[in-house]
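Residue numbers (mature numbering (1 follows the signal peptide of the UniProt record, and there is no 0)): -24 to -1, 1 to 306.
No residue lacks a Cβ here, since even glycine has one placed at the ideal position from N, Cα and C.
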C-alpha cells in the first residue's frame, strides 16, 4: 500500500500538533520498520508465456510524539465502536431498569434500525399535526419522541437476548494509552530498493517474439515522502500491554529506470518511471502493523493475484515471500 493512501488522514493530524521540533515536555517515539520481498511468478496461455522475479527491500525510520498524558480510550482499537455502543447501551438499559421497563434488544440489522427510526418519525409528524400551534404540546411531543428515539439502540450493541454484557468499568476507565502523532520536521529515513525482471514470448505471424523488461529503483525519498511518512505514523501505545495500534503502514512510491526489449517493437527506456511495488506484500504488511506488540517480526508466503492484463486463459503461478521486522520505542 503506497503512503499517499494515508495522506488525507495524515493532513488532518497536522493541525493537532504545532509545527516544528518536539518540545522538551513531549515524549518522542521512534519507529523502525524493515520489509523484504522475494517473489517469482509465471504464466502461460497457449504458446505465449512469461516469468518474472522481484526483490524488494524497504527500511523506514520515523518519529512521532506524544504529550505524555495517558488516556482511558483507545480510538484505534478495532473494537472501539462496538465498545462505545455497548457502553451507551448499558446506560440506556440502566435508565429503563430504573423506570421499571424491561431492557430493549437492539434491532438485528441496520435496515431494521432505520425502519424503526422511520416509523417513529412518521408518528411524530402525526403528533405535530395534532398539536397544531400549541407550544407546550409540541415541546412535550419532542421530549417524548427524543427519549423513544434514544431508546432504539444501534444494531450489534446488544446480544440477541437484549441484555448488554457486564463490563469492568474500572478497567474501561483505566488510563493506559498514549497517543502519538507525526509532526513537522520529524527525523525520517527512507531506503527503498526494488529490482524486477521479466521475460517471455508471444506469438506473431512471423513466429514467437521474445521480450524482456527490467525495472530498478533505489530511493531515499523526497522531502514530501519523508513528511508524509511521519504524519501517517499516528499510533496509540498501550503502556500496560506494551502493544501498538495504528492505521496500518504505507510506503512512498519509487521512481527509477524501466527498460523494455522486444524483438518486434525494439527497445524502450524510461529513466523516470514509477516502479510498482508488490501490492500483495505491502497489503499484508499494513494489516500486520495495525495491532500487535511494540516490536517483533513476522513472515509469510503469499500467492500472486491474477493480474488484470493477463491474456485470456492464462494461468498464474508463483509465490511471494515476505518478511517484516518492526520496533517502536516509546
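When the beta-carbon positions are compared, residue 267 and residue 219 come within less than 8 angstroms of each other. Counting along the chain, the unbroken alpha helix (DSSP H) around residue 255 starts and ends at 255 to 264. Under a 10 Å Cβ-count criterion, residue 120 is classified as exposed, with fewer than 16 other Cβ atoms of the shown protein chains found around its own Cβ. If you look at residue 300, you'll find it isn't in any alpha helix (DSSP H); it sits in the beta strand (DSSP E) that goes 291 to 305. Contact annotation, residue 168 with residue 247: C-beta distance approximately 17 angstroms; criterion of less than 8 angstroms not satisfied. Within the same chain, and ignoring the five residues on either side of residue 225 in sequence, the residues whose Cβ sits closer than 7 angstroms to its Cβ are 9, 261, 262 and 265. Here DSSP, grouped into helix, strand and coil, assigns residue 202 to helix. Between the stretch 228 to 235 and the stretch 11 to 21 there are fewer than three C-beta pairs closer than 8 angstroms, too few to call the two in contact. Beta-bridge analysis with DSSP links residue 5 to 40. Between the stretch 147 to 163 and the stretch 40 to 55, the count of C-beta pairs closer than 8 angstroms reaches three or more; the two stretches touch. Distance from residue 188 to residue 237 at the Cβ level is roughly 5 angstroms; contact confirmed, criterion being Cβ atoms closer than 8 angstroms. Each residue's CA atom was taken as its position, placing residue 165 and residue 35 some 8 angstroms apart. In the DSSP assignment, residue 95 falls within the unbroken alpha helix (DSSP H) covering 86 to 107. Residue 26 holds the alpha-carbon nearest to the alpha-carbon of residue 176 among 6, 249, 7 and 26.
When the Cα atoms are used, residue 182 and residue 173 turn out to be separated by approximately 26 angstroms.
Between the alpha carbons of residue 213 and residue 32 lies a distance of about 29 angstroms.
Closest in alpha carbon position to residue 239, among 269, 2, 186 and 289, is 186.
According to the DSSP assignment, residue 235 belongs to the beta strand (DSSP E) that extends over 230 to 238. Under the DSSP assignment, residue 180 falls in the beta strand (DSSP E) whose first and last residues are 165 to 180. Judged by DSSP in its simplified three-state form, residue 82 adopts coil rather than helix or strand. The criterion of a C-beta distance shorter than 8 angstroms is satisfied by residue 280 and residue 294. Bridge pairing for residue 278: 296 [DSSP]. Residue 24 holds the alpha-carbon nearest to the alpha-carbon of residue 178 among 6, 24 and 271.
In the displayed model, residue 208 falls within coil according to three-state DSSP, outside both helix and strand. In this structure, the straight-line span from the alpha carbon of residue 14 to that of residue 209 is close to 26 angstroms. For residue 154, the secondary structure class from DSSP, reduced to helix, strand or coil, is strand. Under the three-state reduction of DSSP output, residue 194 falls in the strand class. Only residues of its own chain outside the window of five on either side were considered, and among them 8 and 271 have a CB closer than 6 angstroms to the CB of residue 303, listed in chain order.
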